Structures are given as C-alpha cells and as structure tokens.
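Worksheet: the structure to be examined is printed underneath.
In UniProt numbering, the protein residues as written are 1 to 199.
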C-alpha cells in the first residue's frame with residue numbers, strides 16, 4: 001500500500017475520468033427536465049471516478065443509506081481501492097460530488113465481466129446505486145444509471161444487468177431495463193450464513 005495514498009498526501013482515481021468525454025449523451029438530453037448531463041449534472045455538482053480520498057468525503061456514509069457497510073478503517077478502504085484499481089478495466093465506481101461541500105452525494109458501480117461466450121464478449125453489471133436522501137428528486141439517480149449504461153456501451157459490453165428490490169423495478173424500467181421473458185428469476189445464497197444451513 002502506498003503510504004502517500006494512505007496518509008492522503010497523494011490522491012489517485014480508480015480510473016481515468018476522461019472516458020466520460022467519449023460518452024454520447026445526445027440521445028438522452030430529452031430525458032431530463034430540467035436538462036442535466038454527465039458534463040453538467042447541476043450547480044456545484046460533478047460526476048467523476050471514485051478517488052482514494054473519497055472515504056473522507058462521505059462515500060462510505062453514503063453507502064450506508066443503501067445497505068450494511070461495516071466499520072471500515074482508512075487502511076481497509078485504501079486496500080480495497082488499490083485492489084480494484086489493479087484490475088484495470090474491471091471496476092468503474094462513479095460518484096457525484098457536491099463540490100461546494102466536498103461531499104460525495106451519489107454513487108454507483110459498473111462491474112465489467114470478461115466472458116468466453118459471444119466471441120469473448122464483455123458484460124456489464126450495475127451495482128450499489130445510491131443518492132443521498134437530501135439530494136433525491138433531482139434526477140441524479142437516473143443520471144448516474146444512464147451514465148453507467150453509456151459507459152458500458154463505450155467499453156464494448158453486449159449487455160448490462162442488475163438486480164434490485166421490488167420497489168425499484170419501475171425506476172430501472174424508466175432508464176431502459178426490462179425483465180426478459182423466461183429469464184426473470186434472481187436467486188442468491190448468502191455465504192455468511194452458509195454454516196448454519198449445513199451444521
């Protein structure tokens with residue numbers, strides 16, 4: 001682990017945010033009222049890649065509005081960050097920062113799976129989508145998911161999937177996701193509890 005990163009004297013991005021400049025948002029400009037985009041998400045807001053200092057800008061607290069996070073130390077955060085960064089082209093964690101407060105107020109993850117099927121194609125998976133409760137109703141959830149969809153297209157994915165709670169189905173249908181005929185099931189095994197099943 002880099003001591004400079006751990007101590008915060010050096011800050012790095014999970015991936016190069018210049019990739020956002022390649023995203024063609026023109027087909028989506030009419031989907032937002034008032035208009036917002038990846039280049040202009042709103043006054044004082046910026047969409048960018050996760051940075052190594054974002055744990056100190058409220059990134060982990062934001063995730064707690066979505067699910068269980070745990071007590072993550074600075075060292076543990078940097079270890080996970082560097083692990084993701086070392087797998088170039090796999091993890092795209094994007095954030096929305098309120099630059100006036102230096103606070104992360106939205107985030108989502110695009111995970112790229114390399115496949116052997118479909119001529120060694122890539123598949124995207126959207127996870128961990130959350131917008132700070134104080135910023136909801138500003139189309140930021142829609143913006144961050146559409147940004148990931150377009151990023152997946154730019155990265156050559158043949159499809160993008162996600163799983164969500166029942167109450168979020170309508171939201172995701174509104175940004176292009178559909179339940180595929182004959183393929184609408186989602187199963188899970190929580191491995192943290194697996195010992196109780198077999199003991």
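Where is the CB? At the ideal position from N, CA and C, for every residue including glycine. Bear in mind that the values here come from a model prediction, so they are computed numbers and not experimental data.
Residues near residue i in its chain [Cβ-Cβ closer than 8 Å; skip 5 each side]
i           : result
residue 62  : 104, 105, 106, 107, 130, 132
residue 174 : 142
Extent of the continuous alpha helix (DSSP H) run through residue i
i           : result
residue 82  : 74-86
residue 157 : Residue 157 -> not in any alpha helix (DSSP H); beta strand (DSSP E) instead, spanning 157-161.
residue 110 : Careful: residue 110 lies outside any alpha helix (DSSP H), inside the beta strand (DSSP E) at 103-114.
residue 143 : 140-154
Beta-carbon contacts of residue i that lie in its chain and below 7 Å, excluding the five residues immediately before and after
i           : result
residue 176 : 149
residue 128 : 63, 66, 107, 108, 109
residue 36  : 42, 139, 143
residue 186 : 163
Contact set for residue i: own chain, Cβ-Cβ below 6 Å, skip 5 residues either direction
i           : result
residue 17  : 48, 49
residue 147 : 38
residue 55  : 77
Member of the options whose CA lies at the smallest distance from the CA of residue i
i           : options           : result
residue 183 : 91, 41, 161, 34   : 161
residue 23  : 153, 164, 188, 10 : 153
residue 135 : 45, 33, 11, 25    : 45
residue 95  : 86, 20, 71        : 20
residue 188 : 180, 167, 163     : 163
residue 81  : 93, 171, 70       : 93
residue 283 : 68, 28, 124, 89   : Residue coverage of the chain in this structure runs from 1 to 199, which leaves residue 283 outside it and unanswerable.
residue 73  : 87, 117, 53       : 53
residue 57  : 179, 100, 165     : 100
Span of the beta strand (DSSP E) around residue i
i           : result
residue 169 : First-last for residue 169: 169-173, but that is the alpha helix (DSSP H), not the beta strand (DSSP E).
residue 125 : 122-131
residue 38  : Looking at the DSSP string, residue 38 is not in any beta strand (DSSP E), and its letter there is neither H nor E.
Residue i, buried or exposed, once every other Cβ within 10 Å from all chains shown has been counted against 16
i           : result
residue 169 : exposed
residue 200 : Nothing can be reported for residue 200: it is not among the residues displayed for the chain, which extend from 1 to 199.
residue 137 : exposed
residue 69  : exposed
Handout entry: Contact the segment 156-172 vs the segment 109-123: 3+ CB pairs below 8 Å
Key = Cβ pair count under 8 Å is three or more, so yes.
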